[in-house]
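Asker:
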Amino acid sequence: MTMDRVNAILANEEYKDWMEQIRTSEKERRFCCHGIDHCLDVARIGMLMNLEEKLGLEPELIYAAALLHDIGRAVSYQTSEEHHLASVRNSRSILLATGFSGKETELILEAISKHNTTGKEAEGLSYVIYRADKLSRRCFDCEVYDECYWKEDEKNKGVVY
Numbered sequence: 001m002t003m004d005r006v007n008a009i010l011a012n013e014e015y016k017d018w019m020e021q022i023r024t025s026e027k028e029r030r031f032c033c034h035g036i037d038h039c040l041d042v043a044r045i046g047m048l049m050n051l052e053e054k055l056g057l058e059p060e061l062i063y064a065a066a067l068l069h070d071i072g073r074a075v076s077y078q079t080s081e082e083h084h085l086a087s088v089r090n091s092r093s094i095l096l097a098t099g100f101s102g103k104e105t106e107l108i109l110e111a112i113s114k115h116n117t118t119g120k121e122a123e124g125l126s127y128v129i130y131r132a133d134k135l136s137r138r139c140f141d142c143e144v145y146d147e148c149y150w151k152e153d154e155k156n157k158g159v160v161y
């Protein structure tokens, strides 16, 4: 399995700039952050789901969607735009620059656009990214869990796993 296009995303200057903006914006954040650790957690959980459920999704598509799903947070921290919409807009050029086809790009962008939903309308790659994003939360070892908006008793309301 080759991951050349995923490595190209990680090396892409535009991607690195978005991730640095997120890191800077979340520097003082006490709750879950949305940097590379979170993105890789989403990718790994997505890969496990893909294997366990025998979905047959291409690993590079899972990794690409996971790495890019939150880059719009850099925009949303400065404006009122929802981060999943900004992520879609900002991911297109990165995907095309790193060798993903038009069809693959659209599939990845659809997954990114649906990761911030209830998951009811998501399927395939979209559903994997949605579920992996929700499962990636590290509530079990969080120092500020009691103050978090995403408490265990709240997180399953309206969410389909």
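The sequence shown lines up with residues 1 to 161 when you count with UniProt numbering. The C-beta atom is built at its ideal place from N, Cα and C for all residues, glycine as well.
1. What is the DSSP secondary structure of residue 103, reduced to helix, strand or coil?
2. To the nearest angstrom, report how far apart residue 7 and residue 91 are at their CA atoms.
3. To the nearest angstrom, how far is it from the Cα of residue 124 to the Cα of residue 37?
4. Alpha carbons only, please: which of 128, 134, 133, 135 is nearest the one belonging to residue 53?
5. Please return the same chain residues whose Cβ sits closer than 7 Å to the Cβ of residue 110, not counting the five positions on each side in sequence.
6. Is residue 18 buried or exposed, if buried means 16 or more other CB atoms sit within 10 Å of its CB?
7. Just verifying my parser: in three-state terms, what is the DSSP assignment at residue 80?
8. Would a C-beta distance cut-off of 8 Å place residue 80 and residue 112 closer than the cut-off?
9. How about residue 94 and residue 22: do their beta carbons lie closer than 8 Å?
10. Please go through the same chain and pick out, in chain order, the residues whose beta-carbon is closer than 7 Å to the beta-carbon of residue 60, but skip the five residues on each side of it.
11. When you compare each of 24, 64, 105 to residue 11 by their alpha carbons, which one comes out closest?
12. According to DSSP, is residue 17 part of a helix, a strand, or is it coil?
13. Work out the CA separation of residue 96 and residue 44 for me, nearest whole Å.
Answerer: According to the data block:
1. Of the three classes helix, strand and coil, the one that applies to residue 103 here is helix, per DSSP.
2. 15 Å
3. 23 Å
4. 128
5. 126
6. buried
7. coil
8. Result no, Cβ atoms of residue 80 and residue 112 do not sit closer than 8 Å.
9. No; because the gap between Cβ atoms is not below 8 Å, this pair is not in contact.
10. Only 3, 5, 6 meet the Cβ criterion.
11. For the residues 24, 64, 105, the minimum Cα distance to residue 11 belongs to 64.
12. Three-state DSSP puts residue 17 in a helix.
13. 23 Å
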